[in-house]
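See below for the structure under consideration.
Number of protein chains: 2
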Amino acid sequence: MVLDRSTSFCGKLGTKMTARKQRPLPRKRIGAPARRAQILRVAGDMFAKDGIDATSMRRIAAKAGVTATLLYKHFVDKDALLSAIGEGFFTKLGAAMEGAVGGITDPLERMRAEMRCYVRCGIDNPREYHLTFMTALPRLKRGAQMKAFRERRRRGEAIPAEEMTLGMKCFGRLEQSVADLVAAKMTRSKDVSAMAEAVWAIGHGLVSLIITHDDFGFTPPERLVEQSIDMMLHGLLKR
Amino acid sequence: MVLDRSTSFCGKLGTKMTARKQRPLPRKRIGAPARRAQILRVAGDMFAKDGIDATSMRRIAAKAGVTATLLYKHFVDKDALLSAIGEGFFTKLGAAMEGAVGGITDPLERMRAEMRCYVRCGIDNPREYHLTFMTALPRLKRGAQMKAFRERRRRGEAIPAEEMTLGMKCFGRLEQSVADLVAAKMTRSKDVSAMAEAVWAIGHGLVSLIITHDDFGFTPPERLVEQSIDMMLHGLLKR
DNA sequence: TCGTACAAGTGTACAGTGTCAACTTAATCC
DNA sequence: GGATTAAGTTGACACTGTACACTTGTACGA
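Taken in sequence, the protein lines are chains R and V. Quick note: the first sequence uses the working numbering, first residue 1, plus one each step. Quick note: the second sequence uses the working numbering, first residue 1, plus one each step.
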């Protein structure tokens with residue numbers, strides 16, 4: 001465990017201090033990016049272990065060997081910090097999808113792989129998932145970005161990778177698979193957008209039910225997930 | 001607006017009071033059930049208007065013209081209070097389903113109606129929905145109840161209505177429709193449990209995505225929902 | 001080598017939170 | 001009328017997110 005210099009010996013002193021205050025132990029300066037990364041690491045751990053409400057800015061700061069106030073120099077808000085942690089989910093998801101989809105060319109099988117991946121990632125990272133998908137953080141303006149992205153896509157625009165957030169890239173994959181399915185004239189509907197959203201909704205529904213009500217005695221995830229994906233794909237296709 | 005007698009004029013007084021404290025205005029005693037109901041009403045309103053985090057026990061109490069401490073006489077926890085409010089969702093949902101399903105005998109059309117109902121109810125009561133389905137409140141032991149219920153059902157037991165919570169009744173409806181579909185040999189699978197869960201997952205996924213990311217520029221709900229339900233039903237059925 | 005400017009960090013305070021133990025008071029019943 | 005008890009209050013505790021004003025480490029130009 002980290003040496004914890006900042007857990008406030010600032011109890012109520014009762015009398016005013018007359019002597020010059022004891023100078024605090026000097027603290028290393030490791031530079032903003034390093035500090036930011038460290039905070040994210042520490043906060044991520046605590047958050048994954050203790051949950052969202054039990055992890056306060058002060059405790060994060062203490063564990064990072066730093067003052068709470070400093071966190072606010074690096075992240076305007078608690079929301080901002082949390083969301084930055086949640087962003088980590090997309091990194092994992094993106095990598096996992098990349099690996100799972102590999103060279104699958106059949107769009108149907110690709111979709112199956114992507115969905116499996118999504119659900120697995122969600123179940124394996126419940127806190128991060130909750131943060132990124134089940135918590136509205138309106139102070140960050142993420143919705144507007146996403147909306148703009150969706151609209152450009154609907155107009156058929158090709159969007160350069162640099163302009164896409166990690167989240168967009170993940171959703172983009174799924175959408176692409178749906179589009180391929182449509183292009184191959186395999187689907188009943190032609191509304192790529194709506195279908196992609198519906199597919200996402202299934203994955204999201206599964207993950208969020210399972211992670212927030214893991215005590216409801218659901219059908220074991222593997223079977224439930226496979227059955228759901230199967231149902232979804234059958235529902236998508238013609239005949 | 002309610003006369004707000006308890007919004008604490010207990011600021012820091014600076015000097016100790018020497019005079020006997022001003023006796024507080026006498027407060028009517030309206031009886032425990034009435035008070036409980038009133039608190040639930042007030043809290044429900046505030047919660048629906050201001051959201052979960054902005055609604056504190058103290059503010060609820062103040063608005064109800066009562067002390068915060070009193071809330072703890074009626075509800076062990078904030079969780080308990082919140083969950084009691086959320087329970088209201090099932091009342092609405094149950095009534096809406098009752099009305100919507102009416103005399104529909106075709107299990108397929110019944111399911112469609114039930115799903116529409118579920119999604120509509122969720123979208124129309126986002127705060128309550130978030131509370132009941134997207135917030136884990138493990139301190140209440142609801143999971144265990146639900147699990148037991150599901151297991152008895154899986155064994156084919158008939159469960160008397162008095163033993164079922166409102167939530168169980170709602171899920172039970174859906175499950176029954178699936179069972180009817182299976183009995184009519186219309187489905188690809190025969191796993192009633194898993195299918196019911198999958199169907200729920202779709203509905204839940206739709207609602208929760210829409211209510212927490214209403215700014216993502218989704219396909220308009222009506223179309224998205226119809227398309228999703230359609231997809232689901234097609235996926236469920238043979239051929 | 002020194003001074004300085006800025007980044008990186010600090011202490012302290014504020015108003016608000018959930019919760020609790022100990023107390024007071026209104027209503028009820030014999 | 002007096003005892004009992006349910007319904008309510010007071011005041012505190014330990015904690016929260018956040019703002020402000022301050023200090024200190026470090027890199028760099030003269």
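Glycine is no exception: its CB is placed at the ideal position from the N, C-alpha and C atoms. No experiment lies behind these values; they were computed from the predicted model shown.
Please decide whether HIS204 of chain R counts as near chain V, where near means a Cβ-Cβ distance under 8 Å. For the purposes of this step, residue 204 of chain R is taken as the residue at position 204 of the first sequence. It does; some Cβ of chain V falls within 8 Å.
Taking GLY65 of chain V as part of the alpha helix (DSSP H), name the residues at either end of that continuous run. Here the question's residue 65 of chain V lines up with position 65 in the second sequence. Element bounds for GLY65 of chain V: n/a, residue is neither H nor E.
Residues in the same chain with beta-carbon distance under 7 Å from LYS165 of chain R, minus the five sequence neighbours each way, listed in chain order, please. As a first step, residue 165 of chain R must be located in the first sequence, where it is residue number 165. It should be noted that the sequence gives Thr, not Lys, for residue 165 of chain R. Excluding positions up to five away in sequence, the list reads GLN145.
Given that a residue counts as buried once 16 or more other Cβ atoms are within 10 Å of its Cβ, and exposed if not, what is GLU163 of chain V? Here residue 163 of chain V is taken as the residue at index 163 of the second sequence, counted from 1. Under this definition GLU163 of chain V is an exposed residue.
Kindly give me the distance between the Cβ atoms of HIS74 of chain V and ARG120 of chain V, rounded to whole angstroms, as I take these residues to be in contact under 8 Å. For the purposes of this step, residue 74 of chain V is taken as residue 74 along the second sequence, with counting starting at 1. For the purposes of this step, residue 120 of chain V is taken as residue 120 along the second sequence, with counting starting at 1. Not quite, the Cβ-Cβ distance comes to about 32 Å (not below 8 Å), so this is no contact.
Beta-carbon proximity of GLU175 of chain R to ALA196 of chain R, cut-off 8 Å: Here residue 175 of chain R corresponds to residue number 175 of the first sequence, with the count starting at 1. Here residue 196 of chain R corresponds to residue number 196 of the first sequence, with the count starting at 1. Result yes, Cβ atoms of GLU175 of chain R and ALA196 of chain R sit closer than 8 Å.
Hey, how far is the Cα of ALA100 of chain R from the Cα of ILE30 of chain R? As a first step, residue 100 of chain R is located in the first sequence; it is residue number 100 there, counting from the start. As a first step, residue 30 of chain R is located in the first sequence; it is residue number 30 there, counting from the start. So the two alpha carbons sit approximately 38 Å from each other.
Listed by chain order, chain V residues near ARG127 of chain R by CB distance under 8 Å: Along the first sequence, one-based indexing puts residue 127 of chain R at 127. Those within 8 Å of ARG127 of chain R in chain V number zero; the least Cβ separation is about 11 Å.
Give the single residue among V:ARG173, V:MET115, V:LYS141 whose Cα lies nearest to the Cα of GLU222 of chain V. Locating residue 222 of chain V in the second sequence gives position 222, where the first residue counts as 1. Distances from the CA of GLU222 of chain V to each of V:ARG173, V:MET115, V:LYS141 were compared; the closest alpha carbon is that of V:MET115.
Assigned exposure category for SER56 of chain R - 16 Cβ within 10 Å defines buried: Here residue 56 of chain R refers to the residue found at position 56 when the first sequence is read from its first residue. Counting the other Cβ atoms within 10 Å of the Cβ of SER56 of chain R gives fewer than 16, which makes it exposed.
Does any residue of chain R have a CB that is nearer than 8 Å to the CB of MET57 of chain V? The residue labelled residue 57 of chain V in the question sits at position 57 within the second sequence. Not one chain R Cβ lies under 8 Å of MET57 of chain V.
Does the stretch 43-59 of chain V come close enough to the stretch 120-135 of chain V to have 3 or more Cβ pairs within less than 8 Å? yes
Determine whether the Cβ of LEU236 of chain R lies closer than 8 Å to any Cβ atom of chain V. Mapped onto the first sequence, residue 236 of chain R falls at position 236. LEU236 of chain R counts as touching chain V.
Own chain, CB closer than 6 Å to LEU93 of chain R, minus 5 neighbours either side, in chain order: Position 93 of the first sequence, counted from the first residue, corresponds to residue 93 of chain R. Here the set comprises CYS121, CYS170.
Endpoints, the alpha helix (DSSP H) within which HIS204 of chain V is located: As a first step, residue 204 of chain V is located in the second sequence; it is residue number 204 there, counting from the start. Looking at the DSSP string, the run of the alpha helix (DSSP H) that includes HIS204 of chain V is 192-212.
Closer than 8 Å is the cut-off here; do at least three beta carbon pairs connect the stretch 36-45 of chain V with the stretch 79-95 of chain V? yes
Chain V contact residues for GLN227 of chain R, given Cβ-Cβ distances below 9 Å: Position 227 of the first sequence, counting from 1, holds the residue named residue 227 of chain R. SER189, ASP191, ALA194, MET195, GLU197, ALA198, listed in chain order.
How would you call PRO220 of chain V, buried or exposed, if buried means at least 16 neighbouring beta carbons within 10 angstroms? Here residue 220 of chain V refers to the residue found at position 220 when the second sequence is read from its first residue. Here PRO220 of chain V is exposed, its C-beta having fewer than 16 other C-beta atoms within 10 Å.
In chain V, which residues lie with their C-beta within 8 Å of the C-beta of PHE47 of chain R? Within the first sequence, numbered from 1, the residue matching residue 47 of chain R stands at position 47. Within 8 Å Cβ-Cβ: nothing; PHE47 of chain R doesn't reach chain V, min ~15 Å.
Are GLY228 of chain V and ALA183 of chain R touching if we call contact CB-CB under 8 Å? Here residue 228 of chain V refers to the residue found at position 228 when the second sequence is read from its first residue. Here residue 183 of chain R refers to the residue found at position 183 when the first sequence is read from its first residue. It should be noted that the sequence gives Ser, not Gly, for residue 228 of chain V. Not closer than 8 Å, so no.
Considering only residues of the same chain and omitting the five flanking positions on each side of PHE218 of chain R, which have a CB-CB separation below 8 Å? For the purposes of this step, residue 218 of chain R is taken as the residue at position 218 of the first sequence. Apart from sequence neighbours up to five positions away, the residues of its chain that approach PHE218 of chain R with a beta-carbon distance below 8 Å are LEU209, ILE210, LEU224, ordered along the chain.
Which of helix, strand or coil DSSP assigns to THR187 of chain V: Taking the first residue of the second sequence as 1, we reach residue 187 of chain V at position 187. Looking at THR187 of chain V - three-state DSSP - the assignment turns out to be strand.
Compare the C-beta of ASP50 of chain R against all C-beta atoms of chain V and say whether one is closer than 8 Å. Position 50 of the first sequence, counted from the first residue, corresponds to residue 50 of chain R. False, the Cβ-Cβ gap to chain V never drops below 8 Å.
State the DSSP-derived secondary structure class of LEU71 of chain R, mapped to helix, strand or coil. Taking the first sequence and counting its residues from 1, the one referred to as residue 71 of chain R is at position 71. Correct three-state label for LEU71 of chain R: helix.
From what residue to what residue does the alpha helix (DSSP H) around ALA84 of chain V run? As a working mapping, residue 84 of chain V is identified with position 84 in the second sequence. Per DSSP, ALA84 of chain V belongs to the alpha helix (DSSP H) from 78-101.
Look at the alpha carbon of ARG188 of chain V and the alpha carbon of ILE104 of chain R, and state the distance between them as a whole number of angstroms. Position 188 of the second sequence holds residue 188 of chain V. Position 104 of the first sequence holds residue 104 of chain R. ARG188 of chain V and ILE104 of chain R: Cα-Cα distance of roughly 27 Å.
Just reading off the alpha helix (DSSP H) that LEU131 of chain R is part of, what are its end residues? The sequence position of residue 131 of chain R within the first sequence is 131, counting from 1. Counting along the chain, the alpha helix (DSSP H) containing LEU131 of chain R begins and ends at 126-133.
Mind checking the stretch 155-179 of chain R against chain V and listing, in chain order, the residues whose C-beta falls within less than 8 Å of any C-beta there? none
Where VAL178 of chain V falls, given that 16 or more other Cβ within 10 Å makes a residue buried: For the purposes of this step, residue 178 of chain V is identified with residue 178 of the second sequence, where counting begins at 1. VAL178 of chain V is buried by the Cβ-count criterion.
Helix, strand or coil for LEU174 of chain V? Go by DSSP, reduced to three states. Walking along the second sequence from the start, residue 174 of chain V turns up at place 174. Residue state, collapsed to three classes: helix.
Where the stretch 95-118 of chain R meets chain V: residues whose CB sits under 8 Å from a CB there: none
Please name the residues in the stretch 207-228 of chain R whose beta-carbon is closer than 7 Å to at least one beta-carbon of chain V, in chain order. SER208, LEU209, THR212, HIS213, ASP215, PHE216, GLY217, PHE218, THR219, ARG223, LEU224, GLN227, SER228
So, are the CB atoms of TYR72 of chain V and GLY203 of chain V less than 8 Å apart? Mapped onto the second sequence, residue 72 of chain V falls at position 72. Mapped onto the second sequence, residue 203 of chain V falls at position 203. No, the pair does not count as a contact, with Cβ atoms beyond the cut-off.
Starting from the beta carbon of GLU151 of chain R, find every residue of chain V whose beta carbon is closer than 7 Å, and list them in chain order. If you number the first sequence from 1, residue 151 of chain R lands on position 151. Under the 7 Å cutoff, chain V gives GLY217.
Along the chain, where does the alpha helix (DSSP H) that runs through ILE39 of chain R open and close? Position 39 of the first sequence, counting from 1, holds the residue named residue 39 of chain R. Note, ILE39 of chain R: alpha helix (DSSP H), 32-50.
Which residues of chain R have a Cβ atom closer than 7 Å to the Cβ of ALA201 of chain V, listed in chain order? Position 201 of the second sequence, counted from the first residue, corresponds to residue 201 of chain V. Those are ILE202, GLY205, LEU206, LEU209, SER228, listed as they occur along chain R.
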